[in-house]
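Report on the following structure.
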Amino acid sequence: MFSNFQYIFFKIILILKENNKLLEIEENVNKACNLYQQHGSPEAAATALDKAAKIVEQNHPELALTFYKHALEVVMLDDSTRHAAEYACKISRILVKLHRYEEAADAIRREIGLNQQTESYGQIGRLAVALVLVQLARGDFVAAEKAFKEWGNCCDSEEVQTLELLLQAFDDEDPDSAKRALSAPFIRHMDVEYSILARDIPLPHGLSTAPKANVIKDAALSYSSPKTETEEGSTDPVVPNEDEEEDEGLC
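Each residue of the sequence shown is one higher than the one before, counting from 1 in the UniProt record's numbering.
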């Protein structure tokens, strides 16, 4: 019964998506979810919400966010912490994609809490990196530093070194070091929303290292201030030789 219903349900969702009927998509998804729950199948209800979210996520991330939040509520009622962590991850990613950073920070903290329950400490370390990035995107260096101090012990050595460099760069207002830290290989290979976030974080406003000036062949000697020469003890006047006197006025 459920397999036939699922097939028809997703066909309907695809048709509604093609016709951009978002309200009808939401109504049908909620009806399907309620039906599954009434028949004692919360996992199927969450799966329906998850699949519907994936269908609409690319063009309608706000609607996908609604579905993922509903799916999280359903699995939490069923006390399925591991599934809850998966949906919490999807919620965090979409909030970052939508630039809703304050909500994203809250969602990541909730995700960390769920991973604590399943003792997924490696994942907590990567979430600590994500939380630092989100707080920096919010422009809140203090919150970013606090996140690292709170969860940095779950990070691996590469993550720790990168976050230390990144936070030090922001503290010193060193844009070059900050850019190097944000370009770390493991950050580039995080979920795409976080790698894009790292790329777009405003750098601190200190002075960048100036590029080396090109040396121009046969260029004139640099100007030297007479004041400098005097300060260095060179008080004798410079007497031009005869060739120099002849060259004067030829400019």
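For each residue, glycine too, the CB sits at the ideal point set by N, CA and C.
Keep in mind the model is a prediction, meaning the values are calculated, not measured.
- Per DSSP, the continuous alpha helix (DSSP H) segment holding C33 begins and ends at L22 to Q38.
- Under the three-state reduction of DSSP output, G152 falls in the helix class.
- A straight-line Cα-Cα distance of about 21 Å links T118 and D191.
- Ranking A84, F170, P61 and S120 by CA distance to the CA of L22 puts P61 first.
- For the pair E193 and Q38, the Cα-to-Cα distance works out to about 36 Å.
- Non-local beta-carbon contacts of L114 in its own chain, meaning distances under 7 Å to residues more than five positions away in sequence, involve T81, A84, A85 and A88 in chain order.
- Here the alpha carbons of C155 and G122 stand approximately 7 Å from one another.
- Non-local C-beta neighbours of L95 in its own chain, meaning closer than 6 Å and more than five positions away in sequence, comprise E103, A104 and A107, ordered along the chain.
- Going by DSSP, S92 is part of the alpha helix (DSSP H) stretching over T81 to K97.
- Residue nearest to D171 within the set F186, N34 and E145 is E145 (criterion: CA-CA distance).
- Residue nearest to D50 within the set G40, L65 and N59 is L65 (criterion: CA-CA distance).
- N115: member of the alpha helix (DSSP H) spanning Y101 to Q117, first to last residue.
- Within 10 angstroms of the beta-carbon of I196 lie fewer than 16 other beta-carbons, which makes it exposed.
- Short of 8 Å from the beta carbon of Y68, and not among the five residues preceding or following it, lie these beta carbons of its own chain, in chain order: L49, D50, A53, Y87, K90, I91 and I94.
- Within 10 angstroms of the beta-carbon of I201 lie 16 or more other beta-carbons, which makes it buried.
- Apart from the 5 residues on each side of it in sequence, I12 sits with its Cβ closer than 7 Å to the Cβ of N28 in its chain, given in chain order.
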